[in-house]
Structure formats: C-alpha cells, structure tokens
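Number of protein chains: 2
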Amino acid sequence: MSQSVSRALHLLVQLGNGPANLDQLAESTGVHKTTVLRLLRTLSDERFTFRDNSNQYHLGSRIFELAAQATDQREVRRIASPHLVAFNREYGRTTHLAAMEGGDVVYIDKLESHDQIRMYSRIGLRANLNSTAVAKVILADLPDSELRPIVDSMDFSARTANTITTPERYLDEIRMVREQGWAHDQEENEPSVNCIGVPIRGASGRVVAAVSVSVPDVVLSYERVLDLLEPLQAVGARISRDCGYRAQP
Amino acid sequence: MSQSVSRALHLLVQLGNGPANLDQLAESTGVHKTTVLRLLRTLSDERFTFRDNSNQYHLGSRIFELAAQATDQREVRRIASPHLVAFNREYGRTTHLAAMEGGDVVYIDKLESHDQIRMYSRIGLRANLNSTAVAKVILADLPDSELRPIVDSMDFSARTANTITTPERYLDEIRMVREQGWAHDQEENEPSVNCIGVPIRGASGRVVAAVSVSVPDVVLSYERVLDLLEPLQAVGARISRDCGYRAQP
DNA sequence: TGCACCGTTGCGCTGTATGCAACGGTGATT
DNA sequence: AATCACCGTTGCATACAGCGCAACGGTGCA
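If you read the sequences in order, they're chains Y and W. The numbers in the first sequence follow our numbering, run straight up by one, and end at 256. The numbers in the second sequence follow our numbering, run straight up by one, and end at 256.
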C-alpha cells in the first residue's frame, strides 16, 4: 500500500535481528542508502530507533513503551476483575472500571450495587468526559499537549446543576486531580449521585484505566462516600501492582 | 522528514493510549480519514496493528516481538557472562559469544583458554559466515527467505582445506544444524582447530546469540571436543532460560 | 422507514519521497 | 606519512506515491 511506511517497518523488523548500520540495512531491505538514512531519521525522531556512537542503529525506547502500554490495555480487565469483585462484595456499591479507547473513556467493567438502586451506565458505554470521576482521573494523566485539544472539543452540556460547563473550570479540576491523585463527581453526572475514582497504572507507569464507586445520596452522603476513598485507593494500588506498576520510591 | 512514515508512527503512539477507530485516529492525528485507513492497512500488513470485529484498531503482535528481541539483544552479553566464566573456569577452553549485527555475525565476548594457545579472534571482530560454528548456528535460525540472500552474497573463500566453499554444501550444512540443534567446525576456519557451537534463544523464541568452544587438535582430538557438547548445551540452555526463553513442551 | 455514521473506493493533482552523483570525514593499510 | 576505501551525508531533478475530495454502501439506531 504505502511504500515508504512499508519500508520503514521493514527496517524495524530488520533491526529486530540485531543492530545494523546504513549500508547493511540498505542491502538487506533493498532500499537505496539515502532513503534508508531518511527513513531512519524519521524513526529516530519518534524514538522507534536510535543511533549509537559507532553509527549502528538499534530499536528504540518507544518500542518498549508501546509494548508495555499494549500489554497493560489487554490485561487490565482480567487482572482487575477479582479485585473489583472483592471490593464490591465487601462494600456493596456500584463499581466501574473504565479505560481510554480512542478519544473516549469507555466503561469496560461494571459491578452492580447490592441495594435496589441501578445506575444509568453499561459496559461499552462512553463515560461523559466533563462529569465523571473516571474520565477526570484518566484525562489528568495525559500531558497538556494531548489534554488541550480534547478539552477544546469537549461537550460541556450540563447534566445536573453541578456539572462543570466551562473549559477553564474543567482544567482547574484536572489540576486538582493531578495533585490529590483521585477525582470526585459531586452530583455532576447524575442528580443525587456522588462518585469517587482512582487511577490504575500499568508497567509503563501511565494511567491505563480508572476504578470508581458511585453512591446515591439517599444511601450515603458525600462525606460518607469519602470513607470509601481509602479502600478504593487500596484496590487501585493492588490492581496497578498486578498490572506491573512499580511505584517509584 | 518523511511525512507518511511520521504519520504512521504517530498512529502507533496514539494507539498506545488505547484502541481507537478510523475517525478517532483521524481526528487525534489531524490526518484525513482516507489516509489513516491506508496507513493502518500498511501497519496491519506487517502486524504492527490489527483490527478487531468492531473496527477498533489495536497495537499488534509485532510490537511485542520487537520489544522482546530488543531486550534480548541488549541483555545477552550481561546475562551470559557469569555462565561463560563458570564454563571457562571448569573446562579451560577458548569460549566465544557471538551475535548477529547487521548482516554480520560478530564476537561480542571471548574467554581465553587456560593453556598457552591463543586464537585469532577478538571482541568486535566479524566471524566468517562460511567457516565458523557460531555463524552456522545463528544463520540456521533465519527463515529461508532471509537465509538465501545472505548465502548468495557470502564470501566462500577457503580458509583451510575443510572450508565449505559452495552455497549448496553450506545449505546442506545448515539443514543439518537445524536438525541437530548445534553446529561444528572441523578445521574449517583455522587449520588444526575444531569447534562446536550452540544457540542462545531469547524471550521471543528466536536465536539471539551463539556460544562456542574452540580447541586445537594438539590439545584435544575432535572426538574429545564432542565430550564438551553436553556441558556446552547445558550452558546454552541456562543462558537462554535467563534470557527469558521458555522451551515449549 | 429514514437517517446518521463510518468504512471504503476511484480519481486526479500535488508534493513528497526517491535515486543519483558528488562531497567529506574517518580509519585502516602499505 | 600518504593513499585508499568506506560510509554517512547533502543538493538536486524527476517521477510517482500519497493525498484529499466526493461519492458509495453497508450497518445500526431512532
């Protein structure tokens, strides 16, 4: 299909066999030396390859990064499941697991509360970016350069009286989430429902998902919900650990 | 530098954040949907990405493969070292560790024999492809499609009376190495020196290096050198295991 | 049933990627 | 010390690959 991309990928595959210099790569891929140089420059710009002192090219750090991220993504749901079940059994509250998919935050697991109350959410459904704790937690991990465009194109329609409806207030909120390491949703997404969420980190160190508990205030006041923060953070830490995350000392 | 390559790489980075569909990727990278489709096709052809049933794109298996290979390469020397030292201490023979770099097989470690005899080889030096056991072992792991061009452009100059000097005989030899899992060099590289080599495999399952012992026949006859095969294979297996290789049952 | 969404294709133009030829620095060889 | 070979690098002109556009068609939701 796409010649230059195809050639660049072949270079990566070739480097999988071991480091190599320009000429060797040019010969083994059948591409002109000049072209190989330029392709490798682009690859190196993005850290897919790098060059050592003796002009040997190697596979770069980005490869490891991507592999770690991909592993995390594939595994979170499976790894999180038993922890979520245990948490749900003990506290009996509606528990969500959500992850980034494309530009959306999507619920990838849900455990119902033990009481009658059911919330409007479903596995596979998208979480509102401006009003849910899981979204805040996940977006808070993105670098500003990625966060900005998302916030700019975000739908800020009010779902309740408390919903954050301006980019400015939202960015303030994100700043707070970054500082405290967890997020809340005080009746911002559904009237009379409070929620807190914490991040799950993977081997790459990046946030790969978020867990949250949601409780109607007829069951527990917001202050009582905060009593769940510590156990929730503990669950988050356990899942992160199982996903290969090692907190730096 | 190279627009389409750069865009393709950005797609991979983007997918590191989680699966996404065409439109989402088009928006987050600022590239036309049509173009994204075509780039993803090329990426998918090489298994850098794949599409699931619901048209979501994910990072593909090639990423893991490359990451595993790169890790292996970076680590072999370090991991192998203590095992080689132990082997060298016990048997006192010249021991080499070699790996593929570019189109060449290069000595990346060497331990001298305990007797006076020194061999013509040095860390960083290239091993002759047609006459050394390490090269045979490493090349034997390549698929025929990669092996062929290498053999075709190989230098078959005779170093001794026993050196393999034709592609046909070399391919026969490789076939034998594949079957028995190790290689020999019966005075093919240096007169009066016999050598046997075994592969080191990494987490990816591929051969990432080779270990060999070389002994002048004034010290040991070829038959006596074969007594070292079993311990050498044991060393190879230990290093492979430490490199993350798991033999399939 | 209608509509909206999203992946897909054919086409024609533009700009990018390519190969060539030549330069220059480095390291090995005699 | 001098020469040579090797290899990375650059400028340039050409060709063609990659691109965006517009339109199609299938699927799922309202």
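Built from N, CA and C at the ideal position, the CB exists for glycine as well.
Under 8 Å Cβ-Cβ, which residues of chain W neighbour Y/I70?
I70, L73, A74, A77
Any idea which residues DSSP pairs W/M126 with across the strands?
Answer is none; W/M126 lacks a bridge partner.
As a quick exercise: from W/R125, W/V232, W/L233, W/A216, pick the residue whose alpha carbon is nearest that of W/A244.
W/A216
Given 8 Å as the limit, is there contact between the segment 156-163 of chain Y and the segment 186-203 of chain Y, that is, 3 or more CB pairs closer than that?
no
Mapping the DSSP letters down to three states, classify Y/L66 as helix, strand or coil.
strand
Under the assumption that Y/V141 contacts Y/H103 (Cβ atoms under 8 Å), give the Cβ distance between them as a whole number of angstroms.
6 Å
Quick one: does Y/F163 have its CB under 8 Å from some CB of chain W?
no
Let me know the alpha helix (DSSP H) ranges lying completely inside the segment 59-104 of chain Y, each 4 residues or longer, listed in chain order.
68-98
Using beta carbons (cut-off 8 Å, strictly below), is W/S247 in contact with chain Y?
no
Taking 8 Å as the CB-CB limit, is Y/F57 close to chain W?
no
Given W/S164 as reference, the closest of W/G188, W/M183, W/N135, W/L18 once Cα atoms are compared
W/N135
Round the Cβ separation of Y/V242 and Y/F55 to the nearest angstrom and send it over; I've been treating them as touching at under 8 Å.
Contact flag wrong, Cβ pair sits at about 36 Å.
Helix, strand or coil for W/A254 per DSSP?
coil
Going by the beta-carbon positions, is the gap between Y/E108 and W/Q21 smaller than 8 Å?
no
Which residues mark the beginning and the end of the beta strand (DSSP E) in which W/S219 is found?
214-223
If I measure Cβ to Cβ from Y/T36 and keep anything under 8 Å in the same chain, skipping five residues before and after, which residues do I get?
R14, H17, L18, Q21, V43
Opposing strand residues paired with Y/Y114 [DSSP bridges]:
Y/A105
In the DSSP output, which residue or residues are listed as bridge partners for W/P206?
W/A217
For a test of the three-state rule: what should DSSP assign to W/V2, helix, strand or coil?
Only positions 8 to 256 of chain W appear in this structure, which leaves residue 2 of chain W out of reach.
Is Y/H121 helix, strand or coil when you go by DSSP?
coil
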